[in-house]
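**Q** Numbering (the working numbering), first residue to last: 373 to 582.
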Amino acid sequence: GYRVSLQGNVFGRNHTYMTFPEYNPRKHIKLDPPLNIQSNATASKCQIWWSVWNVPWYLAEILQYELQYKEYSMSWEVALNKTLPSSLPQVEIEARELRSGIAYAARVRCKVSENENSYHSQWSEWSQTTVFQRAAIPKVSENILNTKTMQFLFIPLSFGTLLYLFWNCKLSSRYCCFLTLGQKASPALTFPHQLLSFSHSIVCTMGILR
């Protein structure tokens, strides 16, 4: 350790003041803020990376980072904070944590990991900010999703409708009677023809959806 003292001149007389009788520089570290923070946002995630400067290699391996990000128009007081589990100078933010079409700002700071006993430091100042915006989901994917959804819904509904029509046709046939010549066909006799027409329209519609 070191002994740190403060000397001063008061009323023409020199005085020595003891401030740190046992001072260990390893326990009082403050690093420079990270530099060159950059980002790349897609529809599924946002990647952020940066670099550190003037940090010895033995400290770079035990650094701890904290990410702070917010909507660009909001104050830093309402920003979200994330303490990163790795000493690597990079992080990914999942798309579900970001609103589509909204610009975000992010910054990062560093210090020696709290799990390290040989060194101790306070947080550095915040880095400069990087601005990013989550990319929108392509409309083609949305159309495909809507088509598949319609197919899944249309098939069971059509099957249920066919069963309902078939059951009604069966009940109607019990009360059907023979018609004399010159009489008009009753709805009960024309019903099977309607059923076949409905089935044909369903097959055509399913072909279009595919």
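Glycine included, each C-beta is placed from N, C-alpha and C at the ideal position. Quantities reported herein were computed from a predicted structural model and do not represent experimental measurements.
Between which two residues does the beta strand (DSSP E) harbouring alanine 477 extend?
**A** As a first step, residue 477 is located in the sequence shown; it is residue number 105 there, counting from the start. Start and end: 475 to 484.
**Q** Does DSSP put arginine 471 in a helix, in a strand, or in coil?
**A** Residue 471 sits at position 99 when you count from the first residue of the sequence shown. Three-state DSSP puts arginine 471 in coil, outside helix and strand.
**Q** What is the rounded straight-line gap between the Cα of histidine 387 and the Cα of valine 480?
**A** Locating residue 387 in the sequence shown gives position 15, where the first residue counts as 1. Locating residue 480 in the sequence shown gives position 108, where the first residue counts as 1. Near 43 Å, if we compare the C-alpha coordinates of valine 480 and histidine 387.
**Q** Which whole runs of the alpha helix (DSSP H) in the region 415 to 456 are 4 residues long or more, in chain order?
**A** Whole alpha helix (DSSP H) segments, 4+ residues: 429 to 432.
**Q** In its own chain, which residues sit with a C-beta less than 6 Å from the C-beta of tryptophan 495, not counting the 5 before and 5 after it?
**A** In the sequence shown, counting from the first residue as 1, residue 495 sits at position 123. Correct list, in chain order: Arg481, Lys483.
**Q** For arginine 505, which residues in the same chain have their Cβ closer than 8 Å to its Cβ, ignoring the five residues on either side in sequence?
**A** Locating residue 505 in the sequence shown gives position 133, counting from the first residue. According to the sequence provided, residue 505 is glutamine. The question's arginine does not apply to it. Only Ala413, Gly473, Ile474, Ala475, Tyr476 meet the Cβ criterion.
**Q** Just to confirm my understanding: we take threonine 501, look at its own chain, exclude 5 residues before and 5 after, and list those with CB closer than 6 Å. What are they?
**A** As a working mapping, residue 501 is identified with position 129 in the sequence shown. So the list reads Ala477, Arg479, once near-sequence residues are dropped.
**Q** For arginine 471, which of Ser490, Glu443, Leu456 has the nearest alpha-carbon?
**A** Here the question's residue 471 lines up with position 99 in the sequence shown. Closest by alpha carbon: Glu443.
**Q** With a threshold of 16 other CB atoms inside 10 Å of the CB of phenylalanine 383, please say whether the residue is buried or exposed.
**A** Indexing the sequence shown from 1 puts residue 383 at position 11. By the 10 Å Cβ count, phenylalanine 383 comes out exposed.
**Q** Take lysine 454 and list the residues in its own chain whose beta-carbon comes closer than 6 Å to its own, dropping the five residues that flank it on each side.
**A** Reading the sequence shown from its first residue, position 82 is the one you call residue 454. Result list for lysine 454: Leu439, in chain order.
**Q** Quick check on this structure: which residue in Thr533, Trp498, Ser493 has the alpha carbon closest to the alpha carbon of isoleucine 434?
**A** By one-based count along the sequence shown, residue 434 stands at place 62. When each option's Cα is compared against that of isoleucine 434, the closest is Ser493.
**Q** How many whole angstroms separate the CB atoms of leucine 452 and tyrosine 437, which I take to be in contact at a CB cut-off of 8 Å?
**A** Numbered from 1 along the sequence shown, position 80 holds the residue referred to as residue 452. Numbered from 1 along the sequence shown, position 65 holds the residue referred to as residue 437. So it is not a contact: roughly 14 Å between Cβ atoms.
**Q** Counting C-beta neighbours from all protein chains within 10 Å, is the total for isoleucine 516 16 or more, i.e. buried, or is it exposed?
**A** Along the sequence shown, one-based indexing puts residue 516 at 144. Reliability fails at isoleucine 516, whose pLDDT of 49 lies under 50, so the model's placement of it is uncertain and no value is given.
**Q** Any idea what DSSP makes of leucine 535, helix, strand or coil?
**A** Counted from its first residue, the sequence shown places residue 535 at position 163. Reduced to three states, the DSSP call for leucine 535 is helix.
**Q** Assign asparagine 398 to one of three DSSP states: helix, strand, or coil.
**A** One-based indexing of the sequence shown puts residue 398 at position 26. Inspection of the sequence shows that residue 398 is occupied by arginine rather than by asparagine. Residue state, collapsed to three classes: helix.
**Q** Whole angstroms are fine: how far does the CA of valine 424 sit from the CA of isoleucine 409?
**A** For the purposes of this step, residue 409 is taken as the residue at position 37 of the sequence shown. For the purposes of this step, residue 424 is taken as the residue at position 52 of the sequence shown. Between isoleucine 409 and valine 424, the C-alpha separation is close to 10 Å.
**Q** Could you pull out every residue in the same chain whose Cβ sits closer than 8 Å to the Cβ of tryptophan 429, ignoring the five residues on either side in sequence?
**A** The count along the sequence shown starts at 1 and reaches residue 429 at position 57. Cβ neighbours of tryptophan 429 beyond the five flanking positions: none.
**Q** Kindly indicate if chain C contains any beta-carbon less than 9 Å away from that of glutamine 505.
**A** Of the protein chains in the structure, only one exists, and it is not chain C.
**Q** Could you check if leucine 535 is buried or exposed, using at least 16 other CB atoms within 10 Å of its CB as the buried criterion?
**A** For the purposes of this step, residue 535 is taken as residue 163 along the sequence shown, with counting starting at 1. Answer is exposed; the Cβ neighbour count stays below 16.
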